[in-house]
Structures are given as structure tokens and as C-alpha cells.
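Contents: one structure, followed by commentary.
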Amino acid sequence: MKNFTLTMKDHEKVFLVDESKHILDSMHKNSINKAPNGCHGGGCGVCKIKILNGKFKKLSMSRKYISKEEEDNGFVLACRVFPMSNIEFEFIGKKQCKTNKEKKYGFV
Ligand code: FES
Numbered sequence: 113m114k115n116f117t118l119t120m121k122d123h124e125k126v127f128l129v130d131e132s133k134h135i136l137d138s139m140h141k142n143s144i145n146k147a148p149n150g151c152h153g154g155g156c157g158v159c160k161i162k163i164l165n166g167k168f169k170k171l172s173m174s175r176k177y178i179s180k181e182e183e184d185n186g187f188v189l190a191c192r193v194f195p196m197s198n199i200e201f202e203f204i205g206k207k208q209c210k211t212n213k214e215k216k217y218g219f220v
């Protein structure tokens, strides 16, 4: 198991994560207030982030939440992404929620 740091832009939060946990789990584990209490399975879109720096592996993501253009520009769902290096990211999440289902999850 490898450990990396996650750095959340504009919040000066840096925390240690392991590669077997997706970024959303790591945010929750480290009590990051912006981490949404969503589905954790790619089905609601509330955990959208933009990767600014770093390598990662990702599971498939619904085009309903991440367009091809967004994906090409580093937007991902935090619950579908696993770090492979130190990562810097920006939280997008709730700003992108459009449906009532998405909005109901809110933030913890
Ligand atoms: S928590 Fe629902 S898509 Fe990530």
C-alpha cells in the first residue's frame, strides 16, 4: 500500500491517503467538511472535483455528471478516482447539482 497526500485548493487542507481508497472516502476519513454525503457509487454527481495536479486511476463515470469535455479537462467524480501520486484538486460538487435527487444529498 502506498500513501499520498491530497491537497484541496483554497482550503489549505493536506491529508494523507492510501491508494486503495477513492478520494471521497479519504475526504470523509479526514473530516473534510466539503465532502458530500452522496451515493459513493458514481450515481448522483455531488462529488465532482477537478484534478489540478497528479496521477490517478478512475472507474467509469456517467456522462450525465461528467461530460467528455469535462473529463478531458480533469473533472472527475471523487468517488470514482484513486490516487497514484500526490494529488491537488479543487472541489466543485454542489455547484453542479441540478436535480432534486442530487440536491438532497447536500454536504455533511
Ligand atoms: S457520491 Fe454520488 S457520484 Fe460520487
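Those letters in the sequence shown? Residues 113 to 220, by our numbering.
The beta carbon of each residue, even a glycine, is placed where N, CA and C say it ideally should be.
Per-residue burial, residue i [other beta carbons within 10 Å of its own, 16 or more giving buried]
i	result
K160	buried
M99	Lying outside 113 to 220, the shown extent of the chain, residue 99 is not represented and no answer is given.
V126	exposed
I204	buried
G150	buried
S132	exposed
For residue i, the first and last residue of its enclosing alpha helix (DSSP H)
i	result
I135	135-141
Boundaries (first-last residue) of the beta strand (DSSP E) holding residue i
i	result
E200	199-203
K114	First-last for K114: undefined, no H or E at that position.
K180	First-last for K180: 180-184, but that is the alpha helix (DSSP H), not the beta strand (DSSP E).
V193	193-195
K160	160-165
Contact belief for residue i with residue j at Cβ below 8 Å, rounded distance in angstroms
i	j	result
N115	D130	5 Å
G166	E200	6 Å
H134	A190	7 Å
Among the options, the one whose alpha carbon lies nearest that of residue i
i	options	result
S172	N165, V188, I163	V188
K162	G153, I144, V193	V193
G154	F168, I178, L118, E182	I178
G186	K176, I144, F168	F168
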